[in-house]
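Each remark here refers to the structure printed beneath this line.
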Amino acid sequence: MKNIIARFPGSSGRAIAITGHYDTKLFTSFRFVGANDGGSSTGFLLELARVLAGKPRKDDVYLVWFDGEEAFGEWSSTDGVYGSRHLAQKWQADGTARRLKALINVDMIGDRDLEIAKETYSSPELGRLVWKVAADLGCGRRFPNSQLAIEDDHMPFRRIGVPALDLIDFDYGPDHSWWHTEEDTMDKLSAQSFLIVGDVLLETIRRLEVQ
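FYI, the numbering for the sequence shown is 4 to 214, going by the working numbering.
Written as structure tokens, this is what we have:
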């Protein structure tokens, strides 16, 4: 497995990370495309890299494409989030984790019916900031106050004390019926959803940099 990391250097010595996973779950019984679950975070980070390129920064901004988010078998504490568990250990050892103001993970954010609930394992303070930004930008209805608890690539960083937030729309299709099925295809996604999340995160980065 390989994580892919891009760094946009700043001058403050502090850092912000935006992350997602690029792997897709392997199924042998059908062809899984993973347009939303894997594809949306991958494409989002690529476009975010283009937008960030060449602009002066106060803080370092890391973009990280995690490998190995999906479990080989059944999700457990040892099967899943391989890439983020590895990087959390590495950044804790080399001191990068102590420099992080925030880590925001994006997952399944391309759904044309976008609704990102508050993930309850995430950093409450960071969640309040992002939800405030969404409200200020006029897209608060896409960030409702409903809650869910889900283990994702943010958790290894939460466990070592990094303020980390998971942005995930885990209601994909009728009764969540498109997740990990052959229905997870490009026609289920919307460019508008990517734009909303991008606008919110760019403004969030700006506000974090002035702190």
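The beta-carbon is built from N, C-alpha and C at its ideal position, and this holds for glycine as well.
Just reading off the beta strand (DSSP E) that Ile-199 is part of, what are its end residues?
Run containing Ile-199: none in the beta strand (DSSP E); it sits in the alpha helix (DSSP H), 194-212.
Among Pro-177, Gly-16, Ile-8, whose alpha-carbon lies nearest the alpha-carbon of Lys-104?
Checked all of Pro-177, Gly-16, Ile-8; the closest Cα to Lys-104 is Gly-16.
Can you tell me the Cα-Cα spacing of Lys-135 and Ile-107, whole angstroms?
Roughly 15 Å separates the two Cα atoms.
Just to check my reading of the structure: Ala-38 and Asp-187 have Cβ atoms closer than 8 Å, yes? What is that Cβ distance to the nearest angstrom?
Ala-38 to Asp-187, Cβ: 5 Å. Contact.
Three or more C-beta pairs under 8 Å: does that hold for the region 156-165 against the region 140-148?
With a cut-off of 8 Å, the region 140-148 and the region 156-165 do not count as touching, because too few Cβ pairs lie within range.
Thinking just about the alpha-carbon of each residue, which of Ala-100, Lys-5, Leu-168, Ile-21 is nearest to the one in Gly-46?
With distances taken between Cα atoms, Gly-46 lies closest to Ile-21.
Could you pull the start and end residues of the beta strand (DSSP E) that Lys-104 belongs to?
Lys-104 -> beta strand (DSSP E) spans 103-110.
Tell me whether Asp-114 sits in a helix, a strand or coil according to DSSP, three-state version.
If DSSP states are grouped into helix, strand and coil, Asp-114 belongs with the strands.
If distances are taken between C-alpha atoms only, which option among Leu-204, Pro-147, Gln-214 comes closest to Leu-66?
Nearest of Leu-204, Pro-147, Gln-214 to Leu-66, Cα basis: Leu-204.
Among Asp-114, Ile-208, Gln-214, which one has its Cα closest to the Cα of Val-64?
Checked all of Asp-114, Ile-208, Gln-214; the closest Cα to Val-64 is Ile-208.
Under three-state DSSP, which class holds Thr-99?
Reduced to three states, the DSSP call for Thr-99 is helix.
Is His-157 helix, strand or coil by DSSP?
Reduced to three states, the DSSP call for His-157 is coil.
With H, G and I counted as helix, E and B as strand and the rest as coil, what does DSSP make of Leu-29?
Leu-29: coil per DSSP, three-state reduction.
With DSSP as the reference, please indicate the residues paired to Leu-66 in a beta bridge.
Answer is Ala-9, Ile-21, bridged to Leu-66.
Please state the DSSP three-state secondary structure of Asp-169.
In this structure, Asp-169 counts as strand in the three-state DSSP scheme.
Closest to Arg-210 by CA distance: which of Asn-6, Pro-12, Ile-19, Ser-14 is it?
Minimum Cα distance to Arg-210 is reached at Ile-19.
Are Asp-62 and Asp-26 touching if we call contact CB-CB under 9 Å?
No, Cβ-Cβ distance for Asp-62 and Asp-26 is not below 9 Å.
According to DSSP, simplified to helix, strand and coil, what is Glu-50?
Here Glu-50 sits in helix by DSSP.
Buried or exposed, going by whether 16 or more other CB atoms sit within 10 Å of the CB of Asp-156?
It counts as buried.
Would you list the one or two residues that DSSP bridges to Glu-122?
According to DSSP, which records beta bridges pairwise, Glu-122 is partnered with Leu-151.
If you check the beta carbons only, do Ile-217 and Ser-32 fall under 9 Å apart?
Given that the chain is displayed from residue 4 to residue 214, the structure contains no residue 217 and the question cannot be resolved.
Since Phe-35 and Glu-185 should fall inside the 8 Å C-beta cutoff, what is the C-beta to C-beta distance between them, to a whole number of angstroms?
The Cβ separation is near 6 Å, so the contact holds.
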